[in-house]
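In the numbering used here, the protein residues as written are 5 to 449.
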């Protein structure tokens, strides 16, 4: 496909345009050329979804008798009750979900290529240097002799060409875990992704999305002499959308001191999406809040590895934008939907319920979109936004508690770019016809 750049020119992606031959050549005037990204606006046509619509807009609007008009992968209109008189809906199919519709969940912290592995057996690798057990920093557990057997080797055996060479099959399994939980975008593909990663069904946050590719990631240690000119330049030109940085992962002073390097090297920018920050204090969060940086909280992984988690109470008090994500399967939960349960339990039992249910849900929707500078595209349900949606069975009167308490079987439908990709058999049949496959005995497609 041809992708429009900000300067008005076109860039040709390596992948063939859907529906064309591999080597086909198409001649068309630029003014009439319709451009697609790999996952933007992939659905062609129009339909209406009805249900309780949780918009996640700033006012917290919920339409109990809501409807969403989707056309060519984009939300055209949202309303409560009767359709607006100026809408022409003749011939447009209407799909009644009898459920609650949310923006698709956004996963801002993962390592997708490791997610075929089960949870690393905690009893095999826990040390006890702090109150609840656990390591002091992330550089310790990688040296445990079990790390290779339980984490590294399973990935290498499945993905590696000299071994099983099942990278595509492994990623199909991983992407199924993503969309089954209502997630529509994930961060954390490897730094050198190939077609196995580029073709995942959910949006790959580091890849080309919405006509841009201005997101950077650093997982490795922030060295004291790290310059990061691409971050400084992108910040100065306002071209940078987000910088995902693993930092302060641990509970010791050396982990906290990584933040000092960030500040000393002039890398504390508003586009920073700081992952973990387990060792940070109110002082560091105050500095993050002053520049508008964001935090990604991964409580389960923190607790299993370090026996403690990020001081999100201090982060909230400092005005830091907080997102919630699962990390990876060796020490984290399966999806943002599952991580919500851990965060909610920690909030109730340890923090004294400082976050409302709505604030919790924002961590996996609107807050996450704001962190990536995707607020004009996803994270909320509004006209002009991409039709990335998670439809969840309604089992609670409060729409936010409804999502927090939901589990995978409650996911009625996952929609990305207007395309129904996973859901209950009745909705998939109505929206896809025969273009779907049954998922075992679960009556899902």
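Idealized CB from N, CA, C, for every residue including glycine.
Quick caveat, the model's predicted, so the values are computed rather than measured.
Cβ neighbour criterion (16 or more within 10 Å) applied to residue 401
Residue 401 sits at position 397 when you count from the first residue of the chain shown. Answer is exposed; the Cβ neighbour count stays below 16.
Between the alpha carbons of residue 283 and residue 341, how many angstroms are there, rounded?
Your numbering for residue 283 matches position 279 in the chain shown. Your numbering for residue 341 matches position 337 in the chain shown. C-alpha separation (whole angstroms): 25 angstroms.
Within the region 348 to 415, note down every full alpha helix (DSSP H) run reaching 4 residues or more, in order along the chain.
361 to 366, 370 to 375 and 403 to 409
Contact set for residue 221: own chain, Cβ-Cβ below 7 angstroms, skip 5 residues either direction:
Start at 1 with the first residue of the chain shown, and residue 221 comes out as number 217. 210 and 248, listed in sequence order.
Can you look up residue 75 in the DSSP assignment and give me helix, strand or coil?
Reading the chain shown from its first residue, position 71 is the one you call residue 75. Strand.
Does the Cβ of residue 234 have 16 or more other Cβ atoms within 10 Å, making it buried, or fewer, making it exposed?
Counting from one through the chain shown, the residue named residue 234 turns up at place 230. Exposed: under 16 other Cβ atoms inside 10 Å.
Short of 8 angstroms in beta carbon distance, which residues of its chain neighbour residue 36, apart from the five on each side in sequence? Order them along the chain.
On the chain shown, residue 36 is found 32 positions in, with the first residue counted as 1. Its pLDDT being 32, under 50, residue 36 is placed unreliably in this model, and the value from its coordinates should be taken loosely. Excluding residues within five positions, none has a Cβ falling inside 8 angstroms.
With a threshold of 6 angstroms on Cβ separation, who are the neighbours of residue 4 within its own chain once the five nearest residues in sequence on each side are excluded?
Only positions 5 to 449 of the chain appear in the structure, and residue 4 is not among them; the question remains open.
State the Cα-Cα distance for the pair residue 226 and residue 268, rounded to the nearest angstrom.
Within the chain shown, the letter at position 222 stands for residue 226. Within the chain shown, the letter at position 264 stands for residue 268. Approximately 12 angstroms, taken between the alpha carbons.
With residue 278 as the anchor, note down where its beta strand (DSSP E) starts and where it stops.
For the purposes of this step, residue 278 is taken as the residue at position 274 of the chain shown. Taken as a continuous stretch (DSSP letters only), the beta strand (DSSP E) holding residue 278 covers 276 to 280.
Taking the alpha-carbon positions, what's the residue 116 to residue 86 distance?
Stepping through the chain shown from its first residue, residue 116 is reached at position 112. Stepping through the chain shown from its first residue, residue 86 is reached at position 82. Approximately 42 angstroms, taken between the alpha carbons.
Taking only the alpha-carbon atoms, compute the straight-line gap between residue 68 and residue 256 and give it to the nearest angstrom.
The sequence position of residue 68 within the chain shown is 64, counting from 1. The sequence position of residue 256 within the chain shown is 252, counting from 1. So the two alpha carbons sit approximately 48 angstroms from each other.
Suppose you measure from the CA of residue 438 to the CA of residue 266; what does that come to, to the nearest Å?
Here residue 438 corresponds to residue number 434 of the chain shown, with the count starting at 1. Here residue 266 corresponds to residue number 262 of the chain shown, with the count starting at 1. Approximately 53 angstroms between the Cα atoms of the pair.
Can the beta-carbon of residue 49 be found less than 9 angstroms from the beta-carbon of residue 76?
Position 45 of the chain shown, counted from the start, is the residue given in the question as residue 49. Position 72 of the chain shown, counted from the start, is the residue given in the question as residue 76. Result yes, Cβ atoms of residue 49 and residue 76 sit closer than 9 angstroms.
List in chain order: all unbroken alpha helix (DSSP H) runs of 4+ residues lying wholly within the region 152 to 193.
157 to 163 and 171 to 184
Distance, Cα to Cα, residue 442 vs residue 425?
What you label residue 442 is simply residue 438 of the chain shown in a count that begins at 1. What you label residue 425 is simply residue 421 of the chain shown in a count that begins at 1. One C-alpha to the other measures close to 12 angstroms.
Can you say whether residue 44 is buried or exposed, counting buried as having 16 or more other CB atoms within 10 angstroms of its CB?
Residue 44 sits at position 40 when you count from the first residue of the chain shown. The predicted model places residue 44 with a pLDDT of 43, which falls under 50 and marks its position as unreliable; any figure quoted below should be read in that light. So residue 44 ends up on the buried side.
Just to confirm the assignment, what range does the beta strand (DSSP E) spanning residue 250 have?
For the purposes of this step, residue 250 is taken as residue 246 along the chain shown, with counting starting at 1. Its beta strand (DSSP E) spans residues 246 to 251.
Alpha carbon of residue 310 to alpha carbon of residue 433, nearest angstrom:
The residue you call residue 310 lines up with position 306 of the chain shown. The residue you call residue 433 lines up with position 429 of the chain shown. One C-alpha to the other measures close to 46 angstroms.
Inter-residue spacing [alpha-carbon to alpha-carbon] between residue 436 and residue 158
To locate residue 436, count along the chain shown from 1; it is residue 432. To locate residue 158, count along the chain shown from 1; it is residue 154. If you take the alpha carbons of residue 436 and residue 158, they lie about 35 angstroms apart.
Tell me the DSSP secondary structure of residue 223 in three-state form.
Mapped onto the chain shown, residue 223 falls at position 219. Three-state result, residue 223: coil.
For residue 107, which residues does DSSP report across the bridge?
Walking along the chain shown from the start, residue 107 turns up at place 103. 393, per the DSSP bridge assignment.
Under 8 angstroms: do the region 349 to 365 and the region 168 to 180 share three or more Cβ pairs, one atom per stretch?
no
Between which two residues does the alpha helix (DSSP H) carrying residue 237 extend?
In the chain shown, the residue the question calls residue 237 occupies position 233. Looking at the DSSP string, the run of the alpha helix (DSSP H) that includes residue 237 is 233 to 241.
What do you get for residue 280, buried or exposed, if any count of 16 or more other CB atoms within 10 angstroms of its CB means buried?
Reading the chain shown from its first residue, position 276 is the one you call residue 280. Under this definition residue 280 is a buried residue.
Terminal residues of the beta strand (DSSP E) in which residue 459 lies
Past the edges of the chain, shown from 5 to 449, lies residue 459, and the structure says nothing about it.
Run through the DSSP bridge pairs and tell me what residue 98 is partnered with.
Counting from 1 along the chain shown, the entry for residue 98 is found at position 94. Answer is 52.
At least 3 beta-carbon pairs within less than 8 angstroms: the region 378 to 388 vs the region 322 to 329:
no
With respect to the alpha helix (DSSP H) encompassing residue 424, which residues constitute its N-terminal and C-terminal limits?
To locate residue 424, count along the chain shown from 1; it is residue 420. Where residue 424 is concerned, there is no enclosing alpha helix (DSSP H), although the beta strand (DSSP E) it sits in stretches over 423 to 427.
Residue closest to residue 120, alpha-carbon to alpha-carbon, out of 141, 173, 102 and 80
By 1-based counting over the chain shown, the position of residue 120 is 116. Looking at the Cα atoms, 173 is the closest of the given residues.
Are the CB atoms of residue 372 and residue 110 nearer to each other than 9 angstroms?
Locating residue 372 in the chain shown gives position 368, where the first residue counts as 1. Locating residue 110 in the chain shown gives position 106, where the first residue counts as 1. The answer is yes: Cβ separation under 9 angstroms.
For the beta strand (DSSP E) that residue 328 lies in, which residues bound it at each end?
Position 324 of the chain shown, counting from 1, holds the residue named residue 328. Where residue 328 is concerned, the enclosing beta strand (DSSP E) stretches over 325 to 328.
Find the nearest neighbour of residue 118 within the set 292, 181 and 276, judged by alpha-carbon distance.
On the chain shown, residue 118 is found 114 positions in, with the first residue counted as 1. If we check each option's Cα against that of residue 118, 181 comes out closest.
Let me make sure I understand the geometry here. Which of 427, 287 and 274 has the alpha-carbon closest to that of residue 298?
Here residue 298 refers to the residue found at position 294 of the chain shown. Closest option to residue 298, Cα to Cα, is 274.
Backbone CA spacing between residue 96 and residue 223 [nearest angstrom]
Here residue 96 corresponds to residue number 92 of the chain shown, with the count starting at 1. Here residue 223 corresponds to residue number 219 of the chain shown, with the count starting at 1. Between residue 96 and residue 223, the C-alpha separation is close to 46 angstroms.
Is the region 342 to 353 touching the region 402 to 409, taking contact as three or more C-beta pairs under 8 angstroms?
yes
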